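Chemist: Just dropping this structure here.
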Amino acid sequence: MKLDMYLEDENGRVVDTEMQNKSQNKVVQEELPLRVRYYQGMIDQEILPSGTDYIFLKETYIIFICTCDPFEIMSCIYDA
């Protein structure tokens, strides 16, 4: 698994931080949700071996640092 920055804190929470260097907002708008889904899947697959109960999935945060305003609402921070 290759992520830009991956860490687990003392409580077992997972944080993945990714850089988004594309400057075309339209491309970023279309790709960013898919990239988040992809990275979440990679992290979950690594954390949870086959046959393990889903209750053992860890609390996960994925942070994207973008060089553009991906959703064009003049905000520096987006959360979901």
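In terms of the working numbering, the sequence shown opens at residue 1 and continues consecutively.
C-beta atoms are modelled at their ideal positions from N, C-alpha and C, and glycine is treated no differently.
Remember, it's a predicted structure, so these values are computed and weren't measured experimentally.
Name the DSSP beta bridge partners of V15, please?
Modeler: Locating residue 15 in the sequence shown gives position 15, counting from the first residue. Partner(s): L7, Y61.
Chemist: Straight-line CA distance for Y39 to M74?
Modeler: As a position in the sequence shown, residue 39 is number 39, starting the count at 1. As a position in the sequence shown, residue 74 is number 74, starting the count at 1. Distance between the alpha carbons of Y39 and M74 is about 25 Å.
Chemist: Do F64 and E20 count as a contact pair if the criterion is CB distance below 8 Å?
Modeler: In the sequence shown, residue 20 corresponds to position 20, counting from 1. In the sequence shown, residue 64 corresponds to position 64, counting from 1. The sequence given here has Gln at residue 20, not Glu. Yes, they are a contact pair.
Chemist: Is the beta carbon of V28 sitting closer than 8 Å to the one on C66?
Modeler: The residue given as residue 28 occupies position 28 in the sequence shown. The residue given as residue 66 occupies position 66 in the sequence shown. Cβ distance < 8 Å, so V28 and C66 count as in contact.
Chemist: Compute the distance between the beta-carbons of I62 and E18, then report whether it is under 8 Å.
Modeler: As a working mapping, residue 62 is identified with position 62 in the sequence shown. As a working mapping, residue 18 is identified with position 18 in the sequence shown. Yes, these two residues count as a Cβ contact at 8 Å.
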